[in-house]
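In my numbering, the protein residues as written are 288 to 569. What follows is a short report on a single structure.
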Amino acid sequence: MKKEIYIKKVLKVTAMMAVLALCVVACKKQDDFTRQNEGVVGDNKERVIIYTVNHNENKRTLITEAEWDALLDQLCDQAQLGNEVEFFNMSPVNCFTGKKSVDAKSPLTLSTNNRDELKAWMKEMEEQGRTVKITYDDTTGTWNGVAYSTIAYIVTDNNIIGTWHFNYMMVNQIAPDGHLLEGDSYAPEEEGGSMYYTFHTNGYMLLTFNSMDGIVATDSTDWTLSDEGKLCSELLPNGGCWDVNWITSSTMIISRVGLNDDNDNCYYQLLFDRQRKKISQL
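Written out as structure tokens, the structure reads:
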């Protein structure tokens, strides 16, 4: 029995250290700052676009600019049919900071009768790493767009409460010019385990780690939602408070900018999917 307890404690520490180590290792110095489009043929670059049409969620992986342009046309068509459309680029390497910072909190808006102007604006907002919402007013023929760096306006405790499967973490170093460099990722399943965060109504959060050997380890702490809509908990990888970039009944994407041990600025992004089945407990 004592041996089993010891193994669980070691496993818990190992699981947390694996996540925290990535925060240091994956965001490492690069002497030659590689731009996010290096090695890409022509103007093509991969995008993973998550989007909703009237809150129905979908995801598309796009390789070419032509595919990206075609998806924007489809989203415009859906808005013109009276649907509310939202999208977010899950590929952080395509975002950049600096003067057009992903940390700029003020939402940007556009109203136009010109579809091409709307599409150009949507592309610019995607490059800034923003979450974009578009609607269409049929009476005036006007497209209305709002782009958010964080969707704090809809984030409530009720959005967060529940169990979320920790899918993966992406870490990208921020170059001096503000571009995000190629980064690294961590997924518990790659190590043969799985991690779950359960957010309770009383501000209590439980982290559960299931090993490939069937051993379960847990840790717990408090969680809060700040007045600015940031999700805060010291058990999240890299700790601290996180902007919520995307949240639906199925998916949550959060991000933050932080320093590694070398005082390099890094952009961290976490992806969760909501867990529907009961998870193993101690």
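For glycine and all other residues, C-beta sits at the position ideal for the given N, C-alpha and C.
So, using beta-carbon positions, are residue i and residue j closer together than 8 Å?
i	j	result
TRP529	SER542	yes
MET492	ASP509	yes
LEU467	PRO379	yes
PHE374	ILE540	no
ARG417	TYR435	yes
MET456	TYR555	yes
ASN497	GLY480	yes
THR437	ASN532	yes
TRP451	TYR484	yes
ASP506	LEU518	no
ASN552	VAL544	yes
Just to confirm my understanding: we take residue i, look at its own chain, exclude 5 residues before and 5 after, and list those with CB closer than 7 Å. What are they?
i	result
LYS387	Here the model assigns LYS387 a pLDDT of 49, short of 50, so the residue's position is not dependable, and the following value carries that caveat. Closer than 7 Å at the Cβ level, and outside the excluded window around LYS387, lie GLN415.
GLU521	THR508
ASN370	VAL340, ASN341
PHE486	ILE447, ILE448, GLY449, MET492, TRP510
TRP355	ARG334, LEU349
ARG499	The amino acid at residue 499 is misidentified as Arg; the sequence shows Met. Same-chain partners within the cutoff: GLY479, GLY480.
What span of residues does the alpha helix (DSSP H) with residue i cover, start to end?
i	result
TRP355	352–367
ALA407	402–414
Please look up how many angstroms separate the CB atoms of residue i and residue j, rounded, as I've assumed it's under 8 Å.
i	j	result
PHE559	ASN454	6 Å
GLU333	LEU359	With a Cβ gap of about 16 Å, GLU333 and LEU359 do not count as contacting.
GLU344	THR535	5 Å
Keeping to the same chain, check which residues put their C-beta closer than 8 Å to that of residue i; ignore five residues upstream and five downstream.
i	result
GLY490	ASP509, TRP510, THR511
ALA366	VAL372, ILE421, THR422, TYR423, TRP430
LEU405	CYS363, LEU397, THR399, ILE421, TRP430, GLY432
GLY428	ASN400
ILE461	THR384, LEU467, LEU468, VAL544, ASP551, ASN552, CYS553, TYR554
ARG561	GLY449, THR450, TRP451, HIS452, SER536, SER537, THR538, MET539
THR488	ASP444, ILE448
Please report the residue range of the beta strand (DSSP E) in which residue i lies.
i	result
ILE252	Nothing can be reported for residue 252, as the shown portion of the chain is limited to 288 through 569.
MET377	Counting along the chain, MET377 falls outside any beta strand (DSSP E), and DSSP gives it neither H nor E.
ASP549	Counting along the chain, ASP549 falls outside any beta strand (DSSP E), and DSSP gives it neither H nor E.
GLY428	Premise fails: GLY428 is in no beta strand (DSSP E) and is neither H nor E.
TYR440	From DSSP, TYR440 is part of no beta strand (DSSP E); its letter is neither H nor E.
SER398	395–399
THR535	Segment: none, THR535 is in no beta strand (DSSP E) and carries neither H nor E.
GLU344	343–349
ARG334	334–340
Just to confirm my understanding: we take residue i, look at its own chain, exclude 5 residues before and 5 after, and list those with CB closer than 6 Å. What are they?
i	result
VAL311	At VAL311, the pLDDT of 46 sits below 50, so the modelled position is not reliable; the number obtained from the coordinates is stated separately. So the qualifying residues of the chain are ASN547, ASP548.
LYS346	ILE337
MET482	PHE453, PRO475, PHE496
ASP390	Per-residue confidence for ASP390 stands at a pLDDT of 48, beneath the threshold of 50, marking its modelled position as unreliable; no derived number is given.
Item to check | Contained alpha helix (DSSP H) runs [length at least 4] in the segment 443–531, N- to C-terminal order | outcome: DSSP runs (the alpha helix (DSSP H)) wholly in the segment 443–531: 444–447.
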